[in-house]
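Per my numbering, residue 452 is the first one in the sequence shown, and the count goes up by one each step. Cβ atoms here follow ideal geometry from the backbone N, Cα and C, with glycine treated the same way.
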Amino acid sequence: MRLTAAQALVRFLAAQYVERDGVEQRFFGGCFGIFGHGNVAGIGEALYESPDLLTYYQARSEQGMVHAAVGYARMKNRLGTMACTTSIGPGATNMVTGAALATVNRLPVLLLPGDVFASRRPDPVLQQLEVPWLGDASVNDCFRPVSRYFDRIWRPEQVVPAALQAMRVLVNQAETGAVTLAFPQDVQAEAFDCPEGFLRKRVWSIPRPLPDEDALARAAKLIRAAKRPLLVAGGGVIYSEASDALLRLCERTGIPVGETQAGKGSLPFDHPSALGGIGVTGTFAANRSAARADLVIGVGTRWSDFTTASKTAFRDSDVRFVNVNVGDFDAAKHAGVALVGDARATLERLAELLEGWSVGDAYREEAARLNREWDAEVSRLYAIEHDPPAQSAVIGAVNDVARSQDVVVCAAGSMPGDLHKLWRTRDAKGYHVEYGYSCMGYEIAGALGVKLAAPGREVYVLVGDGSYLMLSSELVTAVQERQKLTVVLVDNRGYSSIGSLSRSLGTDGFGTLYRYRTNGSLGVDSDGSTDFLPVDLAANAESLGAMVFRAKTVAELRERLEAAKAETGPVVIAVEVDRYEGVPSYESWWDVAVAEVSEVADVRAARERYEAARVDERSHV
Ligand SMILES: Cc1ncc(C[n+]2csc(CCOP(=O)(O)OP(=O)(O)O)c2C)c(N)n1
Ligand SMILES: [Mg+2]
């Protein structure tokens, strides 16, 4: 069949399905795009010619559309995603940040940046990077280190092997991430004889591999010998739909559970084995248990510094690790017993191997008591009365209004840490904080993808003023697509998270406020100036077509959240919060390197504290 390379690719993508546990679904929910000369006549033509193949979504920022595809993929537990098509040059490189985010979070997205003419006839085409000593380079080479698979389609028939390799990686639970097929604009439009078989419906089975039996036996032996085992649930628990298996294992064995950002929601917040978030942004319940654990079972976690409190969380001198992970790279970390396998299948097998064994009653009761004590702390922070409101009270108001199946979305600033501590999760898909890349600007765009993947759930976006300013343009896409998002715009006039980090490290919030420059300086926190910039983000949101409410108090916020329920398009509720009324950190530490020499006394003092704290960093080798 005579097709252009772009037409063949679009038909192929529309015919891809995945199946897990006997449930089959389409892999591509559609295609986001922004057209330019690099894709309008190739992929653009293919989408236009056959609009029923892939729903086309017109995005506003290429970075934003990759975030939306990531939000979709995460909500689908990696069993679906979107394709993203761009022009060449800036349109293409605008996706690099999104690609890195997808790869860091191990979430599948298919990126189709346009590329310069393969024929080189018009060289240099508009936006072409010319590298005098490297004839085959283009800006798209930036995608190589941030992609799990990269290819450039130099000839139309090459679309066949490239697309098959792309799918192999996208559906591979251990390897998945951004897949980039750079597509020269002339090749997109060139015709070739496409084999029929390439276009036929193809179902990719997603297996649930089990680890090696010897490794399982070693792990079971370690667990049976442990007095204070702790399980750390990461994103892999959620993606593998293992929360029921986890619950059964915990109830039988009494092993308590701390959750990473991606793993939060693995257990309902009020389960007696649930210790909540662990690590830098963790609860005292999880961090106290971590400090004394003699065996740590990581499930589907990549052990980021936030989870390990920069390797200070696990303080028992003989602590050992067991790592359940579908990828051997993560399973091998911390010199752990590597259980390379699917989280659900492995937890079920471990439960069999641990038949008849359980932790001691006192240890089980300790976890239940910590769970209750922590929840009392959450209630205290939700109830803080303050003018302007405290961020914790804003979280409490949103949590109260949200139903158990609704989703909270966030990514950067002070909010993700506060949510990790305070959000009461009741559903495994109810908590969606992107903290692998913690990318400002993910929030609204990512939430659009979440909503497209789960239309029956209300999606609450908690976004800081800084993140909003960086990337809010997909609000327009949400308006266009009539997608309901409830965006709570939490305004503290600057970068409060980095401001407090800066103050703790001796640099007084320098460069983190929205202030006029006065006397050549941007000001610091302690100068007390209230000379803020006249930025009105609510008015901005209104101008983009969103329904906008303003709330001055927590009571008003609750009213607006209720009112927002009746809306059908995106709603933005702007609320000003106190920049300094933060949620404390609970028995944890984060390694941020402080200047070794400085003219500033506060920095020298911070360096001393830093050196003292660093002594506790372990290597776990
Ligand atoms: C794209 C990007 N740039 C920079 C950072 C570093 N950073 C982390 S939080 C933050 C400030 C966020 O400000 P805002 O959204 O207002 O949240 P707040 O800290 O005030 O809660 C910055 C600059 C980042 N995470 N992402
Ligand atoms: Mg802010």
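Best match in Gly716, Leu552 and Cys645 for proximity to Leu562 [C-alpha to C-alpha]:
If you number the sequence shown from 1, residue 562 lands on position 111. The residue with the shortest Cα to Cα distance from Leu562 is Leu552.
Going by the beta-carbon positions, is the gap between Asn776 and Gly687 smaller than 8 Å?
Residue 776 sits at position 325 when you count from the first residue of the sequence shown. Residue 687 sits at position 236 when you count from the first residue of the sequence shown. In contact: Asn776 and Gly687 (Cβ atoms closer than 8 Å).
Rounded to whole angstroms, what's the CA-CA distance from Arg795 to Lys672? Just pull it up for me.
As a position in the sequence shown, residue 795 is number 344, starting the count at 1. As a position in the sequence shown, residue 672 is number 221, starting the count at 1. Straight-line Cα distance between these residues: approximately 20 Å.
Can the beta-carbon of Glu710 be found less than 8 Å from the beta-carbon of Ala684?
By 1-based counting over the sequence shown, the position of residue 710 is 259. By 1-based counting over the sequence shown, the position of residue 684 is 233. Against a cut-off of 8 Å, the Cβ pair of Ala684 and Glu710 comes out as a contact.
Verify whether the separation of the beta carbon atoms of Gly565 and Phe634 is less than 8 Å.
Sequence index remark: in the sequence shown, residue 565 carries index 114 (1-based). Sequence index remark: in the sequence shown, residue 634 carries index 183 (1-based). Yes, the pair counts as a contact, with Cβ atoms nearer than the cut-off.
What I want to know is whether the C-beta of Cys593 ends up closer than 7 Å to one or more non-hydrogen atoms of ligand 1.
As a first step, residue 593 is located in the sequence shown; it is residue number 142 there, counting from the start. No, the beta carbon of Cys593 sits no closer than 7 Å to any heavy atom of ligand 1.
Quick one, which of Thr1019, Phe601 and Gly1033 has its alpha-carbon nearest Met618's?
For the purposes of this step, residue 618 is taken as the residue at position 167 of the sequence shown. For Met618, the nearest C-alpha among the options comes from Phe601.
Nearest CA to the CA of Ala990: which residue from Ile1024, Leu922 and Val914?
Residue numbering aside, residue 990 sits at position 539 when the sequence shown is read from its first letter. When each option's Cα is compared against that of Ala990, the closest is Ile1024.
Decide yes or no for the touch test of the segment 588 to 604 against the segment 654 to 662: beta carbon pairs closer than 8 Å, at least 3 of them.
no
Check whether the segment 531 to 541 and the segment 474 to 482 touch, using three or more Cβ-Cβ pairs below 8 Å as the test.
yes
Give the secondary structure of Tyr882 by DSSP, where H, G and I count as helix, E and B as strand, and everything else as coil.
For the purposes of this step, residue 882 is identified with residue 431 of the sequence shown, where counting begins at 1. Reduced to three states, the DSSP call for Tyr882 is strand.
Are at least three pairs of beta-carbons, each pair with one atom in the segment 905 to 922 and one in the segment 941 to 949, less than 8 Å apart?
yes
Considering only heavy atoms of ligand 2 and the C-beta of each residue, which residues fall inside 6 Å, strictly closer?
Gly864, Gly915, Asp916, Gly917, Asn943, Gly945, Tyr946 and Ser947
Same chain, Cβ closer than 6 Å to Tyr507, neighbours up to 5 away in sequence not counted:
Counting from one through the sequence shown, the residue named residue 507 turns up at place 56. Excluding residues within five positions, the ones whose Cβ falls inside 6 Å are Cys482 and Leu498.
Quick one: residues in its chain with C-beta nearer than 6 Å to the C-beta of Phe735, no 5 flanking neighbours on either side, listed in chain order?
Walking along the sequence shown from the start, residue 735 turns up at place 284. Correct list, in chain order: Tyr1037 and Glu1038.
Tell me which residues share the same chain as Arg771 and place their Cβ nearer than 7 Å to its Cβ, disregarding the 5 neighbours each side in the sequence.
Taking the first residue of the sequence shown as position 1, residue 771 is located at position 320. Closer than 7 Å at the Cβ level, and outside the excluded window around Arg771, lie Leu673 and Leu746.
Nearest residue (CA-CA) to Ser717, options Arg823, Gln842, Ile604 and Arg875:
Here residue 717 is taken as the residue at index 266 of the sequence shown, counted from 1. The shortest C-alpha separation from Ser717 is found at Arg875.
By a C-beta neighbour count over all protein chains shown, 10 Å radius and 16 as the cutoff for buried, is Val582 buried or exposed?
Within the sequence shown, the letter at position 131 stands for residue 582. With fewer than 16 other Cβ atoms within 10 Å, it is exposed.
Under 8 Å, with one C-beta from each stretch per pair, do the segment 773 to 792 and the segment 810 to 819 reach the 3-pair mark?
no
Confirm, please, whether the CB-CB distance from Tyr911 to Val849 is below 8 Å.
Position 398 of the sequence shown, counting from 1, holds the residue named residue 849. Position 460 of the sequence shown, counting from 1, holds the residue named residue 911. Yes.
Can you tell me whether Ser512 is buried or exposed? The criterion is at least 16 other CB atoms within 10 Å of its CB, across all chains shown.
In the sequence shown, counting from the first residue as 1, residue 512 sits at position 61. Counting Cβ neighbours within 10 Å, Ser512 comes out buried, since at least 16 surround it.
Return the CA-CA distance between Glu608 and Val461, expressed in angstroms with no decimal places.
Taking the first residue of the sequence shown as 1, we reach residue 608 at position 157. Taking the first residue of the sequence shown as 1, we reach residue 461 at position 10. In a straight line, the C-alpha of Glu608 is about 14 Å away from that of Val461.
Under 7 Å from any heavy atom of ligand 1, does the C-beta of Ile674 make it?
Counting from one through the sequence shown, the residue named residue 674 turns up at place 223. The answer is no for Ile674.
By DSSP, does Met866 sit in helix, in strand, or in coil?
Start at 1 with the first residue of the sequence shown, and residue 866 comes out as number 415. Residue state, collapsed to three classes: helix.
Measure the alpha-carbon distance for Asp779 versus Pro573 and round it to whole angstroms.
Mapped onto the sequence shown, residue 779 falls at position 328. Mapped onto the sequence shown, residue 573 falls at position 122. For Asp779 and Pro573, the distance between alpha carbons rounds to 46 Å.
Counting along the chain, where does the alpha helix (DSSP H) carrying Cys701 start and finish?
The residue given as residue 701 occupies position 250 in the sequence shown. It spans Ser694 to Thr704 - the alpha helix (DSSP H) in which Cys701 sits, taken as one unbroken run.
To the nearest angstrom, how far is it from the Cα of Leu505 to the Cα of Ala465?
On the sequence shown, position 54 is the one that residue 505 refers to. On the sequence shown, position 14 is the one that residue 465 refers to. Approximately 6 Å between the Cα atoms of the pair.
Residues near Ala818 in its chain [Cβ-Cβ closer than 6 Å; skip 5 each side]:
Position 367 of the sequence shown holds residue 818. So the qualifying residues of the chain are Pro707 and Ser724.
Thr759 versus Phe720: straight-line alpha-carbon distance, rounded:
Here residue 759 corresponds to residue number 308 of the sequence shown, with the count starting at 1. Here residue 720 corresponds to residue number 269 of the sequence shown, with the count starting at 1. Cα to Cα, the separation comes out at about 21 Å.
Could you please give the first and the last residue of the uninterrupted beta strand (DSSP E) stretch that includes Phe757?
In the sequence shown, counting from the first residue as 1, residue 757 sits at position 306. That residue, Phe757, is in no beta strand (DSSP E); its alpha helix (DSSP H) goes Asp756 to Thr759.
In chain order, each beta strand (DSSP E) run of at least 3 residues that lies wholly inside the segment 481 to 539:
507 to 509 and 532 to 537
Any heavy atom of ligand 1 closer than 7 Å to the CB of Ser889?
Here residue 889 is taken as the residue at index 438 of the sequence shown, counted from 1. At least one heavy atom of ligand 1 is nearer than 7 Å to the Cβ of Ser889, so yes.
Give every residue of the same chain whose Cβ lies closer than 6 Å to the Cβ of Ala904, excluding the five residues on either side of it in the sequence, and list them in chain order.
Translated into the one-based positions of the sequence shown, residue 904 becomes position 453. The residues are Tyr523, Met526 and Lys527.
Assess, as a yes-or-no matter, whether the segment 799 to 808 is touched by the segment 674 to 681 under the definition of 3 or more beta carbon pairs within less than 8 Å.
yes
Could you compute how far the alpha carbon of Ser570 sits from the alpha carbon of Val1026?
Taking the sequence shown and counting its residues from 1, the one referred to as residue 570 is at position 119. Taking the sequence shown and counting its residues from 1, the one referred to as residue 1026 is at position 575. Going by the C-alpha atoms only, they are around 54 Å apart.
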